[in-house]
Amino acid sequence: VDGKSLFLVSFLFLQVLLLTCAEESECVPGFQQKKFYIEEPIEFTEDQPVLNLKFDDCKGNNKLNFEVSNPDFKVERDGSLVALKNVSEAGRALFVHARSEHAEDMAEILIVGANEKHGALKEIFKIEGNLGIPRQKRAILATPILIPENQRPPFPRSVGKVISSEGTEGAKFRLSGKGVDQDPKGLFRINEISGDVSVTQVLDREAIANYELEVEVIDISGKTIDGPVRLDIAVIDQNDNRPMFKEGPYVGHVMEGSPTGTTVMRMTAFDADDSSTDNALLRYNILKQSPTKPSPNMFYIDPEKGDIVTVVSPVLLDRETMETPKYELVIEAKDMGGLDVGLTGTATATILIDDKNDHPPEFTKKEFQATVKEGVTGVIVNLTVGDRDDPATGAWRAVYTIINGNPGQSFEIHTNPQTNEGMLSVVKPLDYEISAFHTLLIKVENEDPLIPDIAYGPSSTATVQITVEDVNEGPVFHPNPMTVTKQENIPVGSVVFTVNATDPDTLQHQTIRYSVYKDPAGWLEINPTNGTIGTTAVLDRESPHVQNNVYTALFLAIDSGNPPATGTGTLHITLEDVNDNIPSLYPTLAKVCDDAKDLRVVVLGASDKDLHPNTDPFKFELSKQSGPEKLWRITKLNNTHAQVILLQNLKKANYNIPISVTDSGQPPLTNNTELKLQVCSCKKSKMDCSATDALHISMTLILLSLFSLFCKSFP
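Taking mature numbering (1 follows the signal peptide of the UniProt record, and there is no 0), I'd label the letters of the sequence shown as residues -22 to -1, 1 to 693.
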C-alpha cells in the first residue's frame, strides 16, 4: 500500500479511536459494539463461544434478556454467543436483540468467507490506481441499519450513522425515500452534518418490514456532490402478535368404532410475526375436553402439525353408549416453540362421532291388529320399531316391505319420515263378501346396509292381522255405462232400455228400486221395480241437450238397507237422424243498381239441421214468373249453392222473388221462401234504395192469383 493510502487508513483509524475515547468518557446505553465480522468456520461447535457481546444500559442491566435471530444460538448472561448444537450452516448474518428494564439495542454479526474478509477494506474504500495515484471512487459509507419494532420512547432515537470522506466545505447529507419524503413520511431523518440517522416513532414490522432509502452528499446550493447511495433499514421482528385461528368454525367427524390413531381433523393457526423466527414457531395443545366421559383424554393433537387423532380404543368410541356424540376441544396455539414466554391463541374444535349401522331396527311387538271397513282406503295402522342408531342417518331410517299376504296388491306400506313408523294403507277397497280377514307378514330394514358382522334377526319381521267390517254397499249397475241406439222422433211411450243392478251385499237379501237422477231434456221415465226406461216426449237429435248425436241420462238404484245405499248408472242413447227438418236459405235480401252491368245479383246457400243423406244436394227452383217477359233465372253452382241472375235491368223498386229449395231426404222436404231484391239508384258510388214505387212484382203476382181463383170459381 502506498503512502497516501496508508495515511488515509491511519486517519480514519484515528477518528474511530477518538470517537471511542469520547464515548468511554460518557456511558451510552446499548451494545458497546453494534457490528461484528467473523470468518465462517467449517462448523459452529456446540457450547463453544463464538464471540463476546457487551451490552450496558448504564443502570445495572436489570432484567437483561437476549434474543438471537437464529434459534440454534443463544447469548449467555455474560454476553457470550454460543451454539446450542453443532451448526454447519448459519446463514450470512445473525442479529442479537438485547432488552433490559431501561434500554434495548440490536447487534449485527456478519459471517464472511476468507475471500470476503480479504476484500472488506477494498469494498469500504473502493481504492483503485490511476497513473500510480490512488483515487477514491465513492466517499459515502452507508451500512445497513437494523431497528427492532415496538421500541419504547423517547423519540427521536439514533439508530445508525452514515460516513462520508467528502471534505467539501458546506457539504451536507440528504436522506430520501419511502419513510422520509414519501409515505409514510417522516419516519426517519438524518443529521445533515454528522450523518446520524434517527427514527422518529415506533415501527411495525408487520406493516413494513424493510425500507430502502437513498443518502447523498450535497453542497450549499443543493447540488449532489456524491451519491446517491442505497441505505437499507430492516425492522427486526418482536413477538408482538398472538397466534390466531382464522378458518373456523372447526368441525371434524370420526366414525364410531374407528381404530386408535384415526385422524379426525387438522387445526392450523396463523402468526403475523416473522415466520423465520421463533416468534411464529407454533406448538399446539389441548387445554380442555367436554364432556370428559368415557375418557378425559379421548383425543390427542400433534403439537407441530395440529392433527387431532383418536387415542381411545374402538370399544370406547361407541356412539350409542356415549353421553353425547359431540365433543368440544379447546385448542391452544403458542408461539416461541411452545415456551412459557410464548403468546397464545385458542379456538374450539367440535368433533362429531358419526354413526354406523351397527343396530338393526326391531318391531316393538310381534303382532299388530287393524280393523277396516270394506270399500274404504287409507292408513289403517302404524307399525312401530326401535333403532339405536342416529335418527339423522340412513342407519336409523326404516324401509318396510310386505313379504306375504298381499296377492291382490290391496295394501301398501310407507315410512313416516318423522316417526320412522310404518304406515300400512289400503289402496284397493276390500270386499267383506270376498274375505273378512287378511294376514300380512312385514319386514323392516334400514336405508343403509348393516355392517358386515351384524344381521337382521326375528325381531325385524312382524305379523299384521286385518279384520274387514261389512257395510251396506250401494247397488251396482251392469254394465256401467250403458249404451243403446234409437231413432229420433220415436213415439212417446216407447221402451228405450231396461237397466240391471245388483246388490253386492249378497248376505243381506235386499230389494232394489230405480229412479231417474238426471234427465236434462225431460224425455225419459223408469219403472221403479223392473228398471224399464221409456220415453215421455219425442227424442230430438237436433236438441241442444244432445252432444255428438248422444243423449246422456243418469239413474239411481237404491237398496232397502238402513240407511239405504245408492248406486248410479249412466245411459248413453245414440239418436239416429230422420229427415224432419226443412232446408233453410241464406241470404234473404239482395241489392242491385238499376243500371248495373253485372246482372248476377246474389249467390244463395242452403243448410239443413239433419244429417246425410237427409241434407244436400239441394234442389233450387224459381216459382213461375208472370208477365210476357222473364225477369230472372236461377242457376245451380254446386250441391249447396245457386246463383240468381237478372235477365234485364229493372226499375228502382223492391221485388220479392219466390224460390223453393228441396233436400235429398226420403221423403224430401221443401222450403218455399222469398228473396227480397232491392233495385236501387246508384250515382257517384252512392246507392239509394229508398222505396218510391210499390212492390212491382208482388202486386202483379197477387192480382194474377186473384184472377186465377176467380176463373176457377166460374167455369
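Note that beta-carbon positions come from the ideal geometry of N, C-alpha and C, so glycine has one too.
Rounded to whole angstroms, what is the Cα-Cα separation between residue i and residue j?
i	j	result
R578	D586	25 Å
T569	V657	The sequence as given places Lys at residue 569; Thr does not occur at that position. When rounded, the distance between both Cα atoms is 6 Å.
V287	R297	17 Å
S413	T441	18 Å
D215	S142	30 Å
L549	F475	9 Å
I16	G8	21 Å
H96	Y228	Bear in mind that a pLDDT of 43 at H96, under 50, signals an unreliable position, so the model cannot answer this.
I89	V28	11 Å
R135	F14	22 Å
T342	E301	24 Å
R167	V158	7 Å
C36	H75	17 Å
F598	N467	28 Å
Q488	L502	26 Å
G205	V140	12 Å
V462	T552	6 Å
P131	F22	37 Å
K664	C571	10 Å
Y378	D367	17 Å
P269	A327	13 Å
K63	E54	15 Å
D161	I186	11 Å
S601	T651	10 Å
L653	R611	13 Å
V470	S521	16 Å
L265	L307	7 Å
How would you write the range of the beta strand (DSSP E) that residue i sits in, first residue to last?
i	result
K587	Counting along the chain, K587 falls outside any beta strand (DSSP E), and DSSP gives it neither H nor E.
W610	W610 to K614
P385	Counting along the chain, P385 falls outside any beta strand (DSSP E), and DSSP gives it neither H nor E.
E423	F415 to N424
Y262	R261 to S268
Y189	N188 to I196
L624	H619 to L624
S403	G400 to V404
G138	R135 to K139
K206	The sequence as given places Pro at residue 206; Lys does not occur at that position. Per DSSP, P206 belongs to the beta strand (DSSP E) from T202 to I214.
R167	F166 to I168
E282	Neither: E282 is in no beta strand (DSSP E) and is coded neither H nor E.
G356	G356 to L361
N634	A631 to T640
S254	First-last for S254: undefined, no H or E at that position.
F248	Segment: none, F248 is in no beta strand (DSSP E) and carries neither H nor E.
S562	S562 to Y564
K569	L567 to C571
Any Cβ of chain B within less than 8 Å of the Cβ of residue i?
i	result
F14	Protein chains in the displayed structure number just one, and chain B is not present.
For the putative contact between residue i and residue j, defined by C-beta atoms under 8 Å, what is the C-beta separation to the nearest angstrom?
i	j	result
Y495	T546	6 Å
V639	L589	V639 to L589, Cβ: 18 Å. No contact.
Q179	F248	27 Å between Cβ atoms; not a contact.
V137	V177	5 Å
G57	K41	That belief does not hold up - the Cβ atoms of G57 and K41 are roughly 15 Å apart, past 8 Å.
L72	F51	6 Å
V363	E340	6 Å
E127	L181	5 Å
Q621	V581	5 Å
G539	Q486	7 Å
T417	Q443	6 Å
I420	G400	7 Å
On the DSSP bridge list, what partners appear for residue i?
i	result
C660	M665
Q160	K156
H550	T461 and T530
E45	H75
D83	A76
G364	E340
R578	I623
Practice prompt. Give a yes or no on contact between the region 350 to 368 and the region 251 to 258, applying the rule of three or more CB pairs nearer than 8 Å.
Written response: No: the two stretches stay apart, fewer than three of their Cβ pairs being nearer than 8 Å.
Worksheet item: So does the region 229 to 248 actually touch the region 136 to 153, counting three or more Cβ pairs closer than 8 Å?
Response: no
Worksheet item: Should the region 311 to 319 be regarded as contacting the region 208 to 224, the criterion being three or more beta carbon pairs within less than 8 Å?
Response: yes
Fill in: the region 382 to 394 touching the region 333 to 349, judged by at least three CB pairs closer than 8 Å
no
Worksheet item: Do the region 429 to 440 and the region 505 to 516 touch if we need at least three Cβ pairs shorter than 8 Å?
Response: no
Discussion item. With three or more C-beta pairs closer than 8 Å as the rule, is the region 524 to 539 touching the region 444 to 459?
Written reply: yes
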